[in-house]
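Below is one structure; the comments refer to it alone.
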Amino acid sequence: MPHFTRLKVRGYHLDLYGHVNNARYLEFLEEARWNMMEEAGRLDFFMQSRLALVVSRIDIHYKRPAGMGDELVIETRLASLGERHGVISQRILRADNEKLVAHAEVSFAVLHPEQPGALPLTGAIAEALTPLLEAV
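Here our numbering is used: the first residue of the sequence shown is -6, the next is one more, and so on.
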C-alpha cells in the first residue's frame, strides 16, 4: 500500500511566476520519503545502524504547475529492490481534483560511513525494507 503525505503550498515555495519552484518539488518528495520510513517504523533501524539511504538518481516529470494554497498529496511507494539499490516511485497530486502535478522514480543505495560503496540489500537491511515493497 502506498504512503500518503499531504502538504499545502506556501508563498516561499513559489517562483517569480507564482508556481512551485522545480527545486521545491524535490524537497516535497524527500519529505514524503522520510515520512514513509518514519511511519512504517523503519527509520529507527537505519539511524541506530548508522545506515543512510542515499539518492543516486531522480527522474522527475513535471506535468502541471501547483500554486499558492494548493493542497498536494504525495503518494510514495517502494517499487523495487535490487542487489545494491532500490527504486521508490512517487506521484504528486492536487488534493482537490487528483490531477497529476509530477511523478518521479528515485533510485537509492544504502551506505555505511565505515564501509566503501553501496551495501548489498540483504540480511537486516532487506528485512527492514522488504515489508515496504508493493506488488506492482
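Cβ atoms here follow ideal geometry from the backbone N, Cα and C, with glycine treated the same way.
Could you check if R50 is buried or exposed, using at least 16 other CB atoms within 10 Å of its CB as the buried criterion?
With fewer than 16 Cβ atoms within 10 Å of its Cβ, R50 is classed as exposed.
Buried or exposed: which applies to V129, given that a residue is buried once 16 or more other Cβ atoms fall within 10 Å of its Cβ?
Residue placement at V129 cannot be trusted, given a pLDDT of 45 that sits under 50; the coordinates are not used to answer.
Can you give me the Cβ contacts of Y18 inside the same chain, cut-off strictly under 6 angstroms, excluding the 5 residues immediately before and after it?
Same-chain partners within the cutoff: A95.
Using 10 angstroms around the beta-carbon of Q41, count the other beta-carbons present and answer buried if the total reaches 16, otherwise exposed.
So Q41 counts as exposed.
Give the range of the beta strand (DSSP E) segment to which R50 is assigned.
Start and end: 45 to 55.
Does DSSP classify A95 as helix, strand or coil?
Of the three classes helix, strand and coil, the one that applies to A95 here is strand, per DSSP.
Using 8 angstroms for Cβ pairs, my map puts G116 next to M61. What's the rounded Cβ distance?
Their Cβ separation, rounded to whole angstroms, is 47 angstroms, which puts G116 and M61 out of contact at 8 angstroms.
Can you list, in chain order, the residues of its chain with a C-beta nearer than 8 angstroms to that of E32? Leave out the 5 residues immediately preceding and following it.
For E32, where only same-chain residues beyond five positions count, the Cβ hits under 8 angstroms are H(-4).
What are the boundary residues of the beta strand (DSSP E) that includes G79?
Its beta strand (DSSP E) spans residues 79 to 87.
Can you tell me whether G4 is helix, strand or coil according to DSSP?
Three-state DSSP puts G4 in a helix.
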